[in-house]
Amino acid sequence: DSLQASTLERLQLENHLRKAIEERQLTVFYQPKLCLATGKLNAAEALIRWEHPQWGMVPPSDFIGLAEETGLIVPLGEFVLRQACWQACEWQRQGLAPIRVSVNLSVHQLRQGKLVSLVRQVLEETGLDPQYLELELTESQLLDSVEHIIATFQQLRDLGVKLAIDDFGTGYSSLSYLKRIPVDYVKIDQTFIRGLGQGREDAAITRAIIAMAHGLALKVVAEGVEDQQQLDFLRVERCDEVQGYLISRPMQAEGLADLLRKNADFP
1 DSLQASTLER LQLENHLRKA IEERQLTVFY QPKLCLATGK LNAAEALIRW
51 EHPQWGMVPP SDFIGLAEET GLIVPLGEFV LRQACWQACE WQRQGLAPIR
101 VSVNLSVHQL RQGKLVSLVR QVLEETGLDP QYLELELTES QLLDSVEHII
151 ATFQQLRDLG VKLAIDDFGT GYSSLSYLKR IPVDYVKIDQ TFIRGLGQGR
201 EDAAITRAII AMAHGLALKV VAEGVEDQQQ LDFLRVERCD EVQGYLISRP
251 MQAEGLADLL RKNADFP
């Protein structure tokens, strides 16, 4: 019975999600990233939010998995991509200094084979300079189909787009793929950042990732930075950018515009 109920619930959720895409119940929030060298906000990650008319805010953890299983991740991903590129241009039109927007990719979008032409089209339609778009793929998804992804990433790189490996250090990876895959950033998974004050292991791993990435001429972003001690450690280790609640929670575009206007110098 419970299996039947959960199947029914999933079916219901899927139908509601289809409707949400059609009826524009989805919005994009932005979580800023702080550049440690300049003390300025120089980028923001685009994060999808679903405001359901009856259920209220549905957390991404409740629907992203389902979207991947049903293929709805493709229209969702396209929505976020368009919205983020438009918004990055809009902030520039408001006279703000240009920032990079990063958009999460799903391996489904890569497998579909239309990603490069979609990105090209969205950049042309919005007029965003490609260097201000960053596309992120988690390490575990990347390792699923490295060969195919290398070719696609190369084409995206040729467009001038920035590329990042998200949740770095969590996959059972052979690091040799880093030599072959064209990326610009690695994002250290927040489980390592969370453990920075709690013993030597996470600090050692974080230090090693930063050193290795810099040795490969990649930049490093730390996710999930929540306290000053973590920030101080990352600054000493020359991490390039940080993101997390210490800097700011994800917020609506207007809120981020205010933050950028102040162009706050963080501690």
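Position 116 (the sequence shown) corresponds to 116 in the UniProt record's numbering; numbering is contiguous.
C-beta atoms are modelled at their ideal positions from N, C-alpha and C, and glycine is treated no differently.
No experiment lies behind these values; they were computed from the predicted model shown.
In the DSSP assignment, no residue is bridged to I99. The alpha-carbon separation between E45 and H52 amounts to approximately 22 Å. In this structure, F153 is the residue among E90, E9, Q198 and F153 with its C-alpha nearest to the C-alpha of Y177. With contacts defined by Cβ atoms closer than 8 Å, G77 and Q109 form a contacting pair.
Here N15 is exposed: its Cβ has fewer than 16 other Cβ atoms, across all protein chains shown, within 10 Å. The residue from V186, Q112 and Q229 with its alpha-carbon nearest to that of M212 is V186.
Pairing I73 with R24, the inter-Cα distance amounts to about 15 Å. Counting every other CB atom within 10 Å of its CB across the protein chains shown gives E254 a total below 16, marking it as exposed. If you draw a straight line from the Cα of P60 to the Cα of E68, it comes to about 12 Å.
Residue pairing by DSSP puts T27 in a beta bridge opposite R49. Membership of E136 in the beta strand (DSSP E) is indicated by the continuous run L133 to T138.
As a beta-bridge residue in DSSP terms, I165 pairs with L137 and V186. Looking at the DSSP output, N104 sits in a beta bridge with E136. The shortest C-alpha to C-alpha distance from R120 to any of Q92, S145, V101 and G160 is the one to G160. Taking C-beta separations shorter than 6 Å and ignoring five residues to either side along the sequence, the partners of D166 in its chain run E136, T138 and K187, following chain order.
Close CB contacts of Q92 within its chain, under the 8 Å cut and outside five residues either way in sequence, are with P98 (chain order). For A253, the three-state secondary structure derived from DSSP is helix.
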